[in-house]
Amino acid sequence: MLTLKFIQDNKELVVERLKIKNFDATAIVDSIIELDNQRKATQVEAEALQQEMNTLSKEIGMLFKSGKAQEANEAKARTGELKDKIKERNTTLEGITAQLNEHLVSLPNVPNEIVPPGKGEEDNVEIKRGGDMPQLTVNEPHWDLIKKYDLIDFELGTKITGAGFPVYKGKGARLQRALINFFLDEGMKAGYNEVIPPLVVNEDSGFGTGQLPDKEGQMYHVTADNLYLIPTAEVPVTNIFRDVILKASEMPVKHCAYSACFRREAGSWGAHVRGLNRLHQFDKVEIVQVAHPKESYEILDKMVAHVQSLVEKLELPWRILRLCGGDLSFTSALTYDFEVYSAAQERWLEVSSVSNFESYQANRLKLRYKEEGEKKAQLAHTLNGSALALPRIVAALLENNQTPEGIKIPEVLVPYCGFDIIK
RNA sequence: GGAGAGAUGGCAGAGUGGUCGAAUGCGGCGGUCUUGAAAACCGUUGUACCGCGAGGUACCGGGGGUUCGAAUCCCUCUCUCUCCGCCA
Numbered sequence: 313m314l315t316l317k318f319i320q321d322n323k324e325l326v327v328e329r330l331k332i333k334n335f336d337a338t339a340i341v342d343s344i345i346e347l348d349n350q351r352k353a354t355q356v357e358a359e360a361l362q363q364e365m366n367t368l369s370k371e372i373g374m375l376f377k378s379g380k381a382q383e384a385n386e387a388k389a390r391t392g393e394l395k396d397k398i399k400e401r402n403t404t405l406e407g408i409t410a411q412l413n414e415h416l417v418s419l420p421n422v423p424n425e426i427v428p429p430g431k432g433e434e435d436n437v438e439i440k441r442g443g444d445m446p447q448l449t450v451n452e453p454h455w456d457l458i459k460k461y462d463l464i465d466f467e468l469g470t471k472i473t474g475a476g477f478p479v480y481k482g483k484g485a486r487l488q489r490a491l492i493n494f495f496l497d498e499g500m501k502a503g504y505n506e507v508i509p510p511l512v513v514n515e516d517s518g519f520g521t522g523q524l525p526d527k528e529g530q531m532y533h534v535t536a537d538n539l540y541l542i543p544t545a546e547v548p549v550t551n552i553f554r555d556v557i558l559k560a561s562e563m564p565v566k567h568c569a570y571s572a573c574f575r576r577e578a579g580s581w582g583a584h585v586r587g588l589n590r591l592h593q594f595d596k597v598e599i600v601q602v603a604h605p606k607e608s609y610e611i612l613d614k615m616v617a618h619v620q621s622l623v624e625k626l627e628l629p630w631r632i633l634r635l636c637g638g639d640l641s642f643t644s645a646l647t648y649d650f651e652v653y654s655a656a657q658e659r660w661l662e663v664s665s666v667s668n669f670e671s672y673q674a675n676r677l678k679l680r681y682k683e684e685g686e687k688k689a690q691l692a693h694t695l696n697g698s699a700l701a702l703p704r705i706v707a708a709l710l711e712n713n714q715t716p717e718g719i720k721i722p723e724v725l726v727p728y729c730g731f732d733i734i735k
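Under my numbering, the first sequence has 489 at position 177, and the numbering climbs by one with no breaks.
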């Protein structure tokens, strides 16, 4: 969430910028400022009363100690009214604070100034593309290829669990494992430290990265233990840094992690979700960085370059989009999406999303850093990106590399797969 | 799952109703001494909020309660450890 101080100091800017996200913040910002003024006033009153009470209590203690029981009891009689007042003030204070928090949490992150305006996907701006479009002599969509070569069994997954939980088989499973290892190795080479996080998280973690309270419908909820299946490794990995104060010299911290990801995708089924295009469970390697505010955008560019190197090594046609305000997530300040072209489907598939959250997540996480010699801790910046999400990469690989002889495996993956063609 | 013990500052650890934001040790930082370092000695060393400041308020795992007053007593939740059971 945005900090109170930022909102107070940049009231107009917040309202203006959030218009880019098609979010009218005028009323919320006004009431945040008003509520905070109330909060301060109430807190001052409550604390003054508390101080009086503390002083009085100390006096009573002294009196008892020096044997003046009667005086002590007289003083005691005076505390009742004070106690009621304090209670009343504190209740008011709690109410105001709760309301204030509710408003703060409901305010999205302010987009970076280069975020283009727009309503949705169609307004995203392509900033770069590369790779060669495949010239296919055969042309089948991946859901047919998968059946033909017996790589992934959707029906079996449906039997075991339900729709959207595929079973990978034989070379399909091997390809999956190859991609995961390839992505992790590339991450390591780029200086990311691998972690294997838990796949379920508690409520605090869900709040820390911004999935809660808003998007609980998107996560599988284990109600018996009040835990959530992770929708992305971003959640557990970023939460490593919840309530942490780093030294400025330790940044940037770079982590990568493979995890299965679980998404309910409530309400988002329909056209274009056949086969691997949308799943409830899928595999992804995620990169996460904690950065100094002054270099977070430079780091965002580096992360984008890293993802670009992955799609290039996989020899897939790719493009990078700068997301418009309307397509930008609640917590993000700037996001680049990567898409790869799927020849058989004749459409672009989103395979990565790389974002700078600035201090929006850090504020929720209480993730801070201290400059050498400084006493005051500052909020750090958090960033993350998929590097990469597997299913649509698999879809594109299968579709783009199909030949009458079989599906050719890109060179970089051959050592990982142990085969160079699927037939 | 059953029985018991525990959770205190960066770490270790004292504190069982008042002057406790909290002894002591270690670590960190500054200084004295030294050509330099070590040792020794002296000092200092949490976070957040309100306030120009003086200062105030809150925090001893989380939440609630008792009391004029809670780190300390009560309830509850979470976590850790030991023993037993079950098990990859």
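Heads up, the beta-carbon is just placed ideally off N, CA and C, and yes, glycines get one too.
These numbers come from a predicted model, not from an experiment.
| Item | Value |
| --- | --- |
| Give me the Cβ distance between valine 422 and leucine 330, rounded to the nearest whole Å; I'm assuming they're in contact under 8 angstroms. | 6 angstroms |
| Nearest by alpha-carbon distance to threonine 647: which of Gly637, Ser641, Asp435 and Ser667 is it? | Ser667 |
| Contact between the segment 547-555 and the segment 667-680: three or more CB pairs below 8 angstroms? | yes |
| Identify, in the order they occur along the chain, each residue of the same chain with its Cβ nearer than 7 angstroms to the Cβ of aspartate 462, setting aside the five sequence neighbours on each side. | Lys481 and Gly482 |
| Counting only runs of 4+ residues fully inside the segment 353-435, write out the alpha helix (DSSP H) ranges in chain order. | 381-389 and 391-417 |
| With distances taken Cα to Cα, identify the nearest neighbour of glutamine 355 among Ile332, Lys399, Val726 and Asp639. | Lys399 |
| If we ignore side chains and look at the alpha-carbon of each, how far apart do methionine 531 and phenylalanine 594 end up? | 14 angstroms |
| Quick one: what's got a C-beta closer than 7 angstroms to alanine 485's C-beta in the same chain, skipping five residues either side? | none |
| Along the alpha helix (DSSP H) that carries aspartate 732, what are the first and last residues, could you check? | Counting along the chain, aspartate 732 falls outside any alpha helix (DSSP H), and DSSP gives it neither H nor E. |
| Starting from the C-beta of aspartate 465, find all residues in its chain whose C-beta is less than 7 angstroms away, skip the five residues before and the five after it, and write them out in chain order. | Pro478, Val479 and Lys481 |
| Would the beta-carbon of glutamate 651 fall within 8 angstroms of that of leucine 640? | no |
| What is the rounded straight-line gap between the Cα of glutamate 438 and the Cα of glutamate 662? | 13 angstroms |
| Considering only residues of the segment 622-668, which uninterrupted beta strand (DSSP E) runs meet the minimum length of 3 residues and lie entirely inside it, listed in chain order? | 630-634, 646-654 and 659-668 |
| Is the beta carbon of valine 326 sitting closer than 8 angstroms to the one on isoleucine 319? | yes |
| Specify, as a first and last residue, the run of the alpha helix (DSSP H) that arginine 676 falls within. | 672-677 |
| What would DSSP say about tyrosine 609, mapped onto helix, strand or coil? | helix |
| Less than 8 angstroms between the beta carbons of valine 600 and asparagine 675, yes or no? | no |
| Can you give the Cα-Cα distance for methionine 500 and lysine 459, rounded to whole angstroms? | 34 angstroms |
| Please classify asparagine 505: does DSSP put it in a helix, a strand, or coil? | strand |
| Which residue comes first and which comes last in the beta strand (DSSP E) that contains phenylalanine 574? | 565-574 |
| Can you tell me whether DSSP reads glutamate 528 as helix, strand or coil? | helix |
| Nearest to leucine 524 by alpha carbon, out of Lys323, Lys735, Thr643 and Leu725? | Thr643 |
| Using 8 angstroms as the Cβ pair cut-off and three pairs as the minimum, do the segment 443-458 and the segment 713-720 touch? | yes |
| If you count every other CB in all the chains shown that lies within 10 Å of the CB of lysine 566, and 16 or more means buried, which is it? | buried |
| Between leucine 635 and asparagine 366, what straight-line distance do the alpha-carbon atoms span, to the nearest angstrom? | 55 angstroms |
| Measuring CB to CB, does arginine 576 end up less than 8 angstroms from glycine 529? | yes |
| Quick check on this structure: which residue in Asn514, Trp630 and Glu506 has the alpha carbon closest to the alpha carbon of glycine 704? | In the sequence as presented, glycine is not what sits at residue 704; that position holds arginine. Arginine 704 has its Cα closest to that of Trp630, out of Asn514, Trp630 and Glu506. |
| Do you know whose CA, among Leu412, Ile408, Leu368 and Arg659, lies nearest glycine 392's CA? | Leu368 |
| Since I believe leucine 725 is in contact with alanine 490 (beta carbons under 8 angstroms), could you give me their beta-carbon distance rounded to a whole number of angstroms? | 5 angstroms |
| For threonine 338, does the three-state DSSP call read helix, strand or coil? | helix |
| Can you tell me which of Leu412, Gln690 and Leu539 puts its alpha carbon nearest to the alpha carbon of phenylalanine 519? | Leu539 |
| So, are the CB atoms of serine 665 and serine 698 less than 8 angstroms apart? | yes |
| Near glutamate 364, which residues of its chain fall below 8 angstroms by C-beta distance, leaving aside the five closest residues on each side in sequence? | Leu394 |
| Excluding the 5 residues flanking glycine 432 on each side, which residues of the same chain have their C-beta closer than 7 angstroms to its C-beta? | Gly638 and Asp639 |
| Give me whichever residues DSSP pairs with tryptophan 484 in a beta bridge. | Just to set this straight, residue 484 is glycine in the shown sequence, not tryptophan. Partner(s): none; glycine 484 has no beta bridge. |
| Give the DSSP-derived three-state secondary structure of alanine 692 in the structure shown. | coil |
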